[in-house]
Structures are given as structure tokens and as C-alpha cells.
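Worksheet: the structure to be examined is printed underneath.
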Ligand code: Q46
Ligand code: ZN
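Numbering (our numbering), first residue to last: 158 to 451.
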């Protein structure tokens with residue numbers, strides 16, 4: 158077997174990466190992948206995070222996931238592409254319409270007759286994990302800020318979603334060889350702070366919100382928390398930090414068993430097939446029914 162990088166005789170085989178390396182190249186690959194990370198959306202949080210990681214000397218590669226949401230997606234892609242081009246930073250672009258299943262968010266929402274955000278979450282998780290695996294990223298960093306964290310935590314607490322509470326941490330160790338470590342370095346930084354940072358650093362980001370965000374549950378939680386924050390400043394940070402310090406360890410045992418492999422796509426799955434493949438199956442079934450009835 159030959160080394161993937163220099164074609165010398167390989168001494169290390171990495172089946173999860175479908176690769177093999179000689180000693181020197183493996184050391185190079187390992188050291189590089191430890192610091193490779195980041196997914197970017199074209200929004201202020203992701204670009205501010207990328208900018209910060211680069212400034213701190215981290216080796217990064219941007220990952221843009223095109224959701225196929227009309228003008229919003231094209232504007233986001235333009236912003237992130239110009240950010241990366243202006244700084245000569247590597248950017249990987251994955252567009253849902255061009256991937257194997259060819260399904261973008263509007264189509265998924267139409268056929269499932271559910272809110273676009275429901276399919277969006279599942280698609281994002283799948284494609285982020287897939288792209289991190291394909292790219293050999295050791296770490297996947299996302300730009301979720303304090304406002305996002307607090308809103309999600311509130312949602313999890315309101316519905317007592319124990320498995321989610323067990324995983325609600327800013328650093329998530331991989332539970333499967335195909336998962337990268339997931340980190341949310343901005344979890345203590347408010348939306349306002351990232352907006353100010355982006356402005357001061359001259360980062361041109363997509364200002365428009367996703368058209369599907371109106372009425373989204375997360376937004377309702379955010380508005381509630383903003384009202385709380387207005388009268389009791391520091392509430393969001395205390396809610397998130399105190400949860401992590403005092404309550405999160407109590408939920409740690411409520412997480413799912415480690416995932417196996419999805420029978421359809423091979424990615425980690427908590428059942429025979431993963432949540433993404435289940436969703437694609439449902440969309441395909443409903444699409445065939447619609448064709449048959451037309
Ligand atoms: S992108 Fe996707 Fe958000 Fe748009 S469809 Fe909903 S979840 S609102 S962060
Ligand atoms: Zn799958």
C-alpha cells in the first residue's frame with residue numbers, strides 16, 4: 158500500500174479516512190488535522206469565528222453548506238466566498254442540490270409538510286459530519302453564539318429532552334470513528350458582541366435572516382430571553398454557564414448508546430438507518446405518491 162501524500166511505502170492505514178500514510182506524512186497529517194476545523198454560513202457568527210481562529214493561528218478550512226433557500230442561500234455563498242478569497246483562505250463548498258440525494262430544504266419541507274427548519278437541522282448535521290469526514294477534519298467548529306445556546310437550552314428544558322441536555326456542551330467528544338470533535342467556541346459570546354466584532358474587523362456578512370426564521374420556535378425562545386436580559390442583564394450567560402457548571406453533569410448519563418453505522422449511507426446512526434436517510438426515504442415516498450396521483 159502506498160502513502161496517499163508522497164507515494165512511498167505506507168506504514169499506517171486509516172480505514173475511516175480510506176487513506177494510508179508513510180511515517181513522516183502521517184505525522185504531518187495528524188498535526189494538521191488536529192487543527193483543521195470550522196464551518197461557515199456567511200453570517201456574522203461564523204465569519205467572526207473563522208476570523209478569530211485564523212488570527213489565533215489555527216489552521217482552518219471553511220465549510221459552506223448551500224441549503225438551496227433561494228436568494229438567501231446565494232447571498233450567503235457570495236459573502237463567504239468573497240471573505241475567503243480576499244484573505245486567501247481555503248473554502249469547501251457543498252451545495253445540497255448537487256449532492257447524491259439532490260434534495261434542498263424547500264423541497265424537503267414541501268414533501269414532508271413540516272416546517273423547513275425541521276428538515277434543515279437534520280440535513281445540516283448529516284452534511285457537516287459527512288464533509289468533516291471527507292475532508293479529514295479532526296474538529297468541526299460552528300459559530301453558535303450565546304443567544305443560540307441559551308435558546309436551545311431553554312427549548313430542551315421546557316420539554317425535558319434528557320438526551321439533548323446530556324449532549325449540551327460546548328465541546329463534544331466524538332462517539333464514533335466517523336465523527337469529528339464538535340466545538341462551539343462562541344458559546345459565551347452574545348450575538349451583539351459578534352456583530353460588533355464583525356463590524357470592527359470590516360467583515361462583510363449576510364445581513365438578511367433566512368426567510369424561514371420568521372415564526373421559528375428558536376426565535377420565540379430568543380425573544381423571551383431578550384426580554385429577560387433587558388430587565389436582568391447577564392441572565393443568558395448565567396443560564397448557560399450555571400447549567401454547564403451545576404446541572405449538565407447530572408444529565409450526562411442520559412445520552413444515547415454509541416451509534417452504529419447507517420445501512421444506507423454508512424454514517425453513524427442510532428438505529429438501522431440514520432435520521433437523514435429516514436427523512437430522505439420519507440421525502441422519496443411522498444414524491445412518488447405525488448407523481449402517481451398526478
Ligand atoms: S437556515 Fe435552516 Fe435556519 Fe433557515 S431553514 Fe430554519 S434552520 S431558519 S438557522
Ligand atoms: Zn444514513
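Cβ coordinates follow ideal geometry from the N, Cα and C atoms, glycine included.
Where residue i falls: helix, strand or coil (DSSP)
i           : result
residue 400 : helix
residue 170 : strand
residue 221 : strand
residue 420 : coil
residue 425 : strand
residue 164 : coil
residue 452 : Because the chain in this structure spans residues 158 to 451, residue 452 falls outside the shown range and cannot be described.
residue 363 : coil
residue 329 : strand
residue 268 : helix
residue 159 : strand
Limits of the unbroken alpha helix (DSSP H) element including residue i
i           : result
residue 249 : Here residue 249 belongs to no alpha helix (DSSP H); instead the beta strand (DSSP E) covers 248-252.
residue 434 : 432-450
residue 313 : 303-315
residue 383 : 374-388
residue 214 : That residue, residue 214, is in no alpha helix (DSSP H); it is neither H nor E in DSSP.
residue 405 : 405-408
residue 244 : 227-244
residue 353 : 348-357
residue 324 : 319-324
Delimiting residues of the beta strand (DSSP E) encompassing residue i
i           : result
residue 339 : 338-340
residue 176 : 176-178
CB-CB length for residue i against residue j, believed under 8 Å
i           : j           : result
residue 246 : residue 214 : So it is not a contact: roughly 13 Å between Cβ atoms.
residue 224 : residue 253 : 6 Å
residue 455 : residue 327 : An answer regarding residue 455 cannot be provided, because it is not within the stretch 158 to 451 covered by the chain.
residue 169 : residue 183 : 4 Å
Any non-hydrogen atom of ligand 3 closer than 7 Å to residue i Cβ
i           : result
residue 355 : Ligands in the displayed structure: ligand 1 and ligand 2; ligand 3 is not one of them.
Which residues have their C-beta within less than 5 Å of a heavy atom of ligand 1, listed in chain order?
273, 274, 277, 367, 369, 370
Counting Cβ pairs, one atom from each stretch, are 3 or more of them under 8 Å apart for the segment 371-384 and the segment 321-340?
no
Quick test of the definition: if touching needs 3 or more C-beta pairs under 8 Å, does the segment 314-334 touch the segment 360-370?
no
Three or more C-beta pairs closer than 8 Å, one from the segment 349-365 and one from the segment 202-213: is that the case here?
yes
Check whether the segment 386-404 touches the segment 227-238, counting contact only when three or more Cβ pairs, one atom from each stretch, lie closer than 8 Å.
no
Does the pairing of the segment 257-269 with the segment 300-307 give three or more beta-carbon distances under 8 Å?
no
Flag this pair as touching only if the segment 170-185 and the segment 344-361 have three or more C-beta atom pairs under 8 Å; answer yes or no.
no
Tell me, please, whether the segment 390-398 touches the segment 304-313 by the rule of three or more beta-carbon pairs shorter than 8 Å.
yes
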